[in-house]
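In this text, residue positions in the sequence shown follow our numbering: the first is 1, and each later residue adds one. The structure under discussion appears below in the form of structure tokens.
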Amino acid sequence: MLGMNIGIDLGTSSVIVYVDGKGIVLSEASVTASESNSGKVISIGSKAYKMIGRNPSSISVTRPLKNGVISDFTATQCILRYYLQKVCGNRIFKPNIVICMPSSITGLEKRTLLDLATSSGAGRACLIEEPLAAAFGAGVEYNNHKGIMVVDIGGGTTDIAVITMGSISVSKSIYVAGNAFDDAIMRYVKRERDMIIGEITAEEIKKKIGCAYMRDAEIAIQVKGKNYISGMPEYFEITTTEVFLALREQLEKIAEGIRSVLEITPPELSSDIAESGIILTGGGSLLRGLDGFIFKKTGIKTVTAHDPVNCVARGIGTALGHIDILAENGYLFKTREDITGRNEDVTSELESFIISDT
Ligand SMILES: Nc1ncnc2c1ncn2[C@@H]1O[C@H](COP(=O)(O)OP(=O)(O)O)[C@@H](O)[C@H]1O
Ligand SMILES: [Mg+2]
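As structure tokens, this is what we get:
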């Protein structure tokens, strides 16, 4: 195939781009800022992320991917087009793109993703399940015949899958992941402390002192919020125990999701997993003690992959190196004509949606 081979992890929190032969070249927040009136995108990525919760009413800041699927098609197109342009420049041949999808995606959502890729600058596009890519990125061999469980905890979704012989046997996506942890912290401080905090502060608390178990030595940090009763800004302290209590219910939901996939796993693969264990990937798996929590709840050895945030992108990179094997397993590249029956070039229409270089 002519053109560069590119892998894209289009996550609810971040977009990570892998170029065959180069590795990860770009990692940016999946956030756009646009003019409220015209809808024109004025910022993409980290610059737009900094505006979350601080934007004036003339600018709306959105995460165009929600729960692992596209909730704002045009904004997602802008993101993809902008990054492809950044990576490929003005090459004559359009790139071939492998893009990841949640394991429980519907046929219509698949078509939407392919439509998105081929209308944002890809010459050919191919979809691969996120947990499969995560497994490759965590070092699972393509031809590994033993069953292994991968739990990819992202921003919007946790994808739980049993992988064998380079494909998925059983899987499930649940809408409990990093963002749900942040929401739980926000709800907790409002309920227990009468304080209101934004999602960025809640995420900071989670990353700094979030924990999946009750710590012996308690740590407290000072954060800024708004008093719910007086409406005044105030500093207050929050402890590791409080954060654990805030997250407990969400953590139980993830453990329950894993148990429900284990229940429907065929017996041979189940016994493989008892031996090979569970691998955690995705940014959400960086929550302190999460591996120990899942081990406690399932009795199965659980490890967090090395560099879990980049596992999916690295795994798509592995898949790019085995395009022939991908094709044998039914992962085929499609052109715009294959998807829509037409060969129109829609990328230029998008220019009018982006009004400044970010
Ligand atoms: N050190 C950390 N501790 C806890 N959560 C983290 C940490 N680092 C990142 N995260 C969380 O990981 C999630 C993003 O994970 P990622 O795999 O990048 O998501 P996605 O695939 O949906 O883009 C966010 O909710 C973020 O807050
Ligand atoms: Mg992800």
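For every residue, glycine included, the Cβ atom is placed at its ideal position computed from N, Cα and C.
Please determine, among Ala-135, Lys-301 and Pro-56, the residue with the shortest C-alpha to C-alpha distance to Ala-373. Here the chain comprises residues numbered 1 to 358, so residue 373 is not present and cannot be evaluated.
At a threshold of 8 Å, does Gly-11 count as lining ligand 2 (C-beta to nearest heavy atom)? Here the question's residue 11 lines up with position 11 in the sequence shown. The closest heavy atom of ligand 2 lies less than 8 Å from the beta carbon of Gly-11.
Using a beta-carbon distance below 9 Å, is Glu-129 in contact with chain E? This model lacks chain E altogether, as it is built from one protein chain only.
Proximity of Glu-130 and Asp-159 at Cβ, strictly below 9 Å: On the sequence shown, residue 130 is found 130 positions in, with the first residue counted as 1. On the sequence shown, residue 159 is found 159 positions in, with the first residue counted as 1. Taking C-beta atoms as the reference points, Glu-130 and Asp-159 count as a pair closer than 9 Å.
In chain order, what residues of the same chain lie with their CB nearer than 7 Å to the CB of Ser-57, ignoring the 5 residues before and after it? Stepping through the sequence shown from its first residue, residue 57 is reached at position 57. Within the same chain, and ignoring the five residues on either side of Ser-57 in sequence, the residues whose Cβ sits closer than 7 Å to its Cβ are Ser-36.
Give a yes or no on whether the C-beta atoms belonging to Thr-304 and Ile-279 are separated by under 9 Å. Here residue 304 is taken as the residue at index 304 of the sequence shown, counted from 1. Here residue 279 is taken as the residue at index 279 of the sequence shown, counted from 1. Closer than 9 Å, so yes.
Quick one: is Phe-73 buried, meaning 16 or more other Cβ sit within 10 Å of its Cβ, or exposed? Counting from 1 along the sequence shown, the entry for residue 73 is found at position 73. The residue is exposed, with fewer than 16 neighbouring Cβ atoms inside 10 Å.
Okay, do the region 48–66 and the region 120–129 touch, 3+ Cβ pairs below 8 Å being the bar? Cβ pair count under 8 Å is below three, so no.
Coil, strand or helix - Arg-342 by DSSP: As a working mapping, residue 342 is identified with position 342 in the sequence shown. Assigned with DSSP and collapsed to three states, Arg-342 falls in coil, not helix or strand.
Glu-28 burial status per 10 Å Cβ neighbour count (16 or more: buried): Counting from one through the sequence shown, the residue named residue 28 turns up at place 28. Glu-28 comes out buried.
Just the Cα atoms here: how many angstroms apart are Asp-272 and Ser-167? Position 272 of the sequence shown, counted from the first residue, corresponds to residue 272. Position 167 of the sequence shown, counted from the first residue, corresponds to residue 167. For Asp-272 and Ser-167, the distance between alpha carbons rounds to 15 Å.
In its own chain, which residues sit with a C-beta less than 6 Å from the C-beta of Arg-124, not counting the 5 before and 5 after it? Walking along the sequence shown from the start, residue 124 turns up at place 124. Cβ neighbours of Arg-124 beyond the five flanking positions: Asn-96, Phe-333 and Thr-335.
Can you round the beta-carbon distance between Ser-104 and Ser-171 to whole angstroms, since I take them to be within the 8 Å contact cut? By one-based count along the sequence shown, residue 104 stands at place 104. By one-based count along the sequence shown, residue 171 stands at place 171. Between the beta-carbon of Ser-104 and that of Ser-171 there is about 7 Å, and that keeps the pair under the 8 Å contact cut.
Terminal residues of the continuous alpha helix (DSSP H) containing Phe-136? Here residue 136 corresponds to residue number 136 of the sequence shown, with the count starting at 1. From DSSP, the alpha helix (DSSP H) with Phe-136 extends over 130–137.
Candidates Gly-231, Lys-253, Asp-152 and Gly-147, of which the one nearest Ala-184 by Cα: On the sequence shown, residue 184 is found 184 positions in, with the first residue counted as 1. The shortest CA-to-CA distance from Ala-184 to any of Gly-231, Lys-253, Asp-152 and Gly-147 is the one to Lys-253.
Please give me, in chain order, every unbroken run of the beta strand (DSSP E) with length at least 3 that falls completely inside the region 284–325. Secondary structure in the region 284–325: the beta strand (DSSP E) runs of 3 residues or longer, each lying completely within the stretch, are 302–304 in chain order.
Looking at the structure shown, is Asn-37 part of a helix, part of a strand, or coil, going by DSSP? Numbered from its first residue, the sequence shown carries residue 37 at position 37. The three-state reading of DSSP puts Asn-37 in coil, since its state is none of H, G, I, E or B.
Consult DSSP for Met-101 and reduce its assignment to one of helix, strand or coil. Start at 1 with the first residue of the sequence shown, and residue 101 comes out as number 101. Strand at Met-101.
Say yes only if the C-beta of Val-243 is nearer than 8 Å to one or more non-hydrogen atoms of ligand 1, and no if none qualify. Within the sequence shown, numbered from 1, the residue matching residue 243 stands at position 243. Answer for Val-243: no, Cβ out of range of ligand 1.
According to DSSP, is Phe-244 helix, strand or coil? Taking the first residue of the sequence shown as 1, we reach residue 244 at position 244. In the structure shown, Phe-244 sits in a helix (DSSP, three-state: H, G or I).
Of the residues Ile-148, Gly-257 and Tyr-18, the one placed nearest Lys-86, counting alpha carbons only: Within the sequence shown, residue 86 is the residue found at index 86, counting from 1. The candidate whose alpha carbon is nearest that of Lys-86 is Tyr-18.
Within its chain, find whatever has a CB closer than 6 Å to the CB of Leu-381; leave out the 5 residues flanking it on each side and keep chain order. The first residue shown for the chain is 1 and the last is 358, placing residue 381 beyond what the model contains.
Is Asp-194 near ligand 2, going by C-beta to nearest heavy atom under 8 Å? Here the question's residue 194 lines up with position 194 in the sequence shown. Asp-194 has its Cβ no nearer than 8 Å to any heavy atom of ligand 2.
Report yes if the C-beta distance between Ile-205 and Lys-226 is below 9 Å; otherwise report no. As a working note, residue 205 is residue 205 in the sequence shown. As a working note, residue 226 is residue 226 in the sequence shown. No. Outside cutoff.
Span separating the alpha-carbon of Asp-291 from that of Val-25: Start at 1 with the first residue of the sequence shown, and residue 291 comes out as number 291. Start at 1 with the first residue of the sequence shown, and residue 25 comes out as number 25. Distance from the CA of Asp-291 to the CA of Val-25, rounded to the nearest whole angstrom, comes to 29 Å.
Around the Cβ of Pro-308, are there at least 16 other Cβ atoms within 10 angstroms (buried) or fewer (exposed)? Working through the sequence shown from its first residue, we reach residue 308 at position 308. It is buried - the Cβ of Pro-308 has at least 16 other Cβ atoms within 10 Å.
For Thr-164, list the residues DSSP reports as bridge partners. Stepping through the sequence shown from its first residue, residue 164 is reached at position 164. Beta bridge pairing from DSSP links Thr-164 with Ser-167.
Runs of alpha helix (DSSP H) wholly within the region 193–226 (minimum 4 residues, chain order): Counting whole runs of 4 or more residues, the region 193–226 contains the alpha helix (DSSP H) stretches 199–209.
Hey, would you say Tyr-175 sits closer than 9 Å to Glu-242, going by beta carbons? As a position in the sequence shown, residue 175 is number 175, starting the count at 1. As a position in the sequence shown, residue 242 is number 242, starting the count at 1. Taking the C-beta atoms as reference points, Glu-242 is found no nearer than 9 Å to Tyr-175.
Rounded straight-line distance, which links the Cα of Arg-191 to that of Cys-211: By 1-based counting over the sequence shown, the position of residue 211 is 211. By 1-based counting over the sequence shown, the position of residue 191 is 191. Going from the Cα of Cys-211 to the Cα of Arg-191 covers about 20 Å.
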